[in-house]
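Structure first, commentary second.
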Amino acid sequence: MNTGLTTTKAPFIEEARGTGQLFITQPYALYCEENHEAWRQLYRRMIPLWQRYANPHFLKGLQCLCLPPDRVPKLEEVNRFLEPLTGFRAKAVSGYVPAFLFFDCLRNREFPTTITVRSLENLDYLPEPDIFHDVAGHVPMHTDPAFAETLVRLGDCAHTAVEMVAGMGNAKEQLRRLTNILKAFARFFWFTIEFGLMSTPEGLKVYGSGLLSSYGEIVHSIESPEVQRYPLQIEWVINQAFEIDHYQPLLFVVESFDHLYQLVDTLERWMREGRLNNVAPGEPTMRESDLQSFLHVAGNGGQRA
Ligand SMILES: [Fe+2]
28 MNTGLTTTKA PFIEEARGTG QLFITQPYAL YCEENHEAWR QLYRRMIPLW
78 QRYANPHFLK GLQCLCLPPD RVPKLEEVNR FLEPLTGFRA KAVSGYVPAF
128 LFFDCLRNRE FPTTITVRSL ENLDYLPEPD IFHDVAGHVP MHTDPAFAET
178 LVRLGDCAHT AVEMVAGMGN AKEQLRRLTN ILKAFARFFW FTIEFGLMST
228 PEGLKVYGSG LLSSYGEIVH SIESPEVQRY PLQIEWVINQ AFEIDHYQPL
278 LFVVESFDHL YQLVDTLERW MREGRLNNVA PGEPTMRESD LQSFLHVAGN
328 GGQRA
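Numbered according to this note's numbering, the sequence shown spans residues 28 to 332.
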């Protein structure tokens, strides 16, 4: 059976991972008919929900990118539309990108992009990203200049974190502080880029990509009385644990992407002032590979090696 480039079932991806190739080219010919059908169904059912719940920057981005509704998009084509707008490019990856590398890509206006597609049996929920989440959920936002600058600033913050960590002597304390700083980053990223809401003259709209790529949760995030929605406060967000395996019960609202950009500035200032060194314990747990990705660069005096 040809499993094409289906999530967790793609020999091409296994091979790339096996040989340590993180950045790859999208082998477009390998997509099977089921992959295109999954994209088709996902895209078709999201259109009316995007019209109703997505923020206008996303809708405009969707138009600018001319994503094909009936087949998996080619990243090359996506980038042809995207790059002239903000300099951002979708960059194919074979799997998880360790945190420092991920943020460093953002700083270089590259977005690590998953190229596999969820299976038809799993259209509703997938714990890992797939191309629908990354290209339909994230990339349209990258056409917006203020949002693009915010991602670049998040990339800058990763470099500031390296600076902060490299300046500490004691290895044990270095690791403890870095764990706290990265937890704060992960929470900020989660409650903004992945699950953010924005207040607009037309009411609350979604800009977080986790919501924009979820058929069930996009509606739930705006309509459900079960969800608590608050104006974003950094002190809350960086201390707020989250879980990934169910709909989010708590969401935060920003005013605009300029507002979000300012929040990233504040986050960086707080990091420099040591205010991210002791955040509340709890999820997410930091992966060893994420911590090592920062410590490795810190150990090289801030240079990637
Ligand atoms: Fe995402």
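All residues carry an ideal CB built from backbone N, CA and C; glycine is no exception.
In the DSSP assignment, Leu150 forms no beta bridge with any residue.
In the DSSP annotation of this structure, Pro139 is not part of any alpha helix (DSSP H); the continuous beta strand (DSSP E) holding it starts and ends at 137 to 141. With a cutoff of 9 Å on beta-carbon distance, Thr140 and Ile158 are scored as near each other. Arg134 sits away from Gly114, with the two beta carbons spaced by 9 Å or more. In this structure, Arg145 lies away from Leu92, with their beta-carbon atoms at least 9 Å apart. The beta carbons of Ala185 and Phe138 sit no closer together than 9 Å. Within the same chain, and ignoring the five residues on either side of Pro167 in sequence, the residues whose Cβ sits closer than 7 Å to its Cβ are Phe85, Gly88, Leu89, Leu92. Closest by C-alpha distance to Ala198, out of Gln319, Glu41, His247, is Gln319. In summary, His165 is buried, with 16 or more beta-carbon neighbours lying within 10 Å of its beta-carbon over all protein chains present. Under the DSSP definition of a beta bridge, Lys232 partners with Met225. For Leu49, the secondary structure class from DSSP, reduced to helix, strand or coil, is coil. By the criterion of at least three beta-carbon pairs nearer than 8 Å, the segment 42 to 50 is not in contact with the segment 202 to 209. A distance below 7 Å between beta-carbons, with the five flanking residues on each side excluded, links Val233 to the following residues of its chain, in chain order: Tyr80, Ala81, Asn82, Leu224, Leu239, Ile245, Ser248, Ile249. Around the beta carbon of Gln255, a 10 Å sphere encloses fewer than 16 other beta carbons of the protein chains shown; the residue is thus reported as exposed. The segment 258 to 278 makes contact with the segment 207 to 224; the number of CB pairs closer than 8 Å reaches 3 or more. Runs of alpha helix (DSSP H) with 4 or more residues, each lying fully within the segment 274 to 312, are found at 284 to 299, listed in chain order. DSSP, read as helix, strand or coil, puts Tyr257 in strand. The three-state reading of DSSP puts Val120 in strand, counting E and B together. Distances from the CB of Glu270 to the heavy atoms of ligand 1 are all 8 Å or more. For His169, the Cβ stays outside the 8 Å cut-off from all heavy atoms of ligand 1.
Annotated three-state conformation of Thr219 is helix, per DSSP. Counting along the chain, no alpha helix (DSSP H) covers Gly196, and no H or E run does either. Linking Ala188 to Gln267 through their CA atoms gives a straight-line distance of about 20 Å. In this structure, DSSP gives Thr206 a helical state, which the three-state scheme calls helix. Comparing C-alpha distances from Leu290 to each of Leu181, Asn304, Asn207 shows the shortest one belongs to Leu181. The alpha-carbon of Glu300 is positioned some 45 Å away from that of Val99.
Along the segment 67 to 110, the alpha helix (DSSP H) occurs as fully enclosed runs of 4 or more residues at 83 to 92, listed in sequence order. Burial state of Gln53 is buried, judged by a 10 Å Cβ sphere holding 16 or more other Cβ atoms.
Per the coordinates, the alpha-carbon of Asn327 lies some 45 Å from the alpha-carbon of Glu148. If you check the C-beta of Glu221 against ligand 1, you find a heavy atom less than 8 Å away. Pro125 has its CB no nearer than 8 Å to any heavy atom of ligand 1.
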